[in-house]
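Count along the sequence shown starting at 1, add 692, and that's the number in the working numbering. Ideal Cβ placement from N, Cα and C applies to all residues, glycine included.
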Amino acid sequence: MEKELKVNGLTFVPYITEDEISRQVKRVAGELRDSLTDPDPILLCVLNGAFMFAADLVRELDLNDAKINFVRYSSYSGTSSTGNVKEIIGLTEDIKDRDVVIIEDIVDTGLTAQHMIEDLTKKGPKSIRFVTLLHKPESSKTGFVPDHIAFSIPPKFIIGYGLDLDGKVRNLKDIYVIKEED
């Protein structure tokens with residue numbers, strides 16, 4: 693893992709290693725697999741940030757009959773949440789009477805998660821489970837807690853492993869946190 697990384701004039705330092713991520717993905721996949729009653733759930737990857745987490749999680753789940761779909765919501769601009777949730781790419785799969793698993797990169801304020809669950813509930817699924825790579829409980833404005841969480845973290849801006857800063861650095865294998873000023 694690199695020592696420091698500069699992106700858009702901001703300095704980031706290592707926070708969570710690729711190995712730590714891999715261990716937690718395996719743990720979360722096991723918990724999720726054990727909690728599912730349907731062998732062919734609909735897995736919803738929330739773009740863009742969750743694509744790396746979703747790919748690793750889906751491989752660990754080993755559910756050959758599961759359908760994978762993609763949705764996209766946005767509530768971020770630069771390094772902070774706008775508080776305004778917008779659906780950019782909607783669900784194309786019929787989820788009535790189906791088990792649905794939402795795979796998200798990060799739950800910060802909880803507004804996007806709450807918005808997605810409200811939207812999906814109107815479509816009549818049998819159940820909705822929510823899985824996230826990262827959860828910032830101190831930032832919550834809704835009290836929403838995901839069903840499965842890989843890491844709970846403090847309210848700091850992070851990048852890497854799918855998480856970006858203005859579309860950059862999603863490709864990093866590790867997660868970095870913005871460097872505190874001395």
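| Asked | Found |
| --- | --- |
| Three or more C-beta pairs closer than 8 Å, one from the segment 793 to 812 and one from the segment 724 to 743: is that the case here? | yes |
| Measuring alpha carbon to alpha carbon, tell me which of Arg-764, Gly-835, Ile-850 ends up nearest Val-699. | Ile-850 |
| Within the segment 820 to 859, note down every full beta strand (DSSP E) run reaching 3 residues or more, in order along the chain. | 840 to 844 |
| Write down the C-beta distance between Val-823 and Leu-755 rounded to the nearest angstrom, noting that I regard them as a contact closer than 8 Å. | Wrong, their Cβ atoms sit about 13 Å apart, outside the cutoff. |
| What first and last residue would you give for the alpha helix (DSSP H) that runs through Ile-809? | 803 to 813 |
| Report the partner residues of Glu-785 according to the DSSP bridge assignment. | The partner list for Glu-785 (beta bridge, DSSP) is empty, contrary to what the question assumes. |
| Give the straight-line distance between the Cα atoms of Asp-800 and Arg-764, rounded to the nearest whole angstrom. | 16 Å |
| Do Asp-786 and Lys-818 count as a contact pair if the criterion is CB distance below 8 Å? | no |
| For Gly-722 and Ser-844, what's the separation of their Cα atoms in angstroms? | 18 Å |
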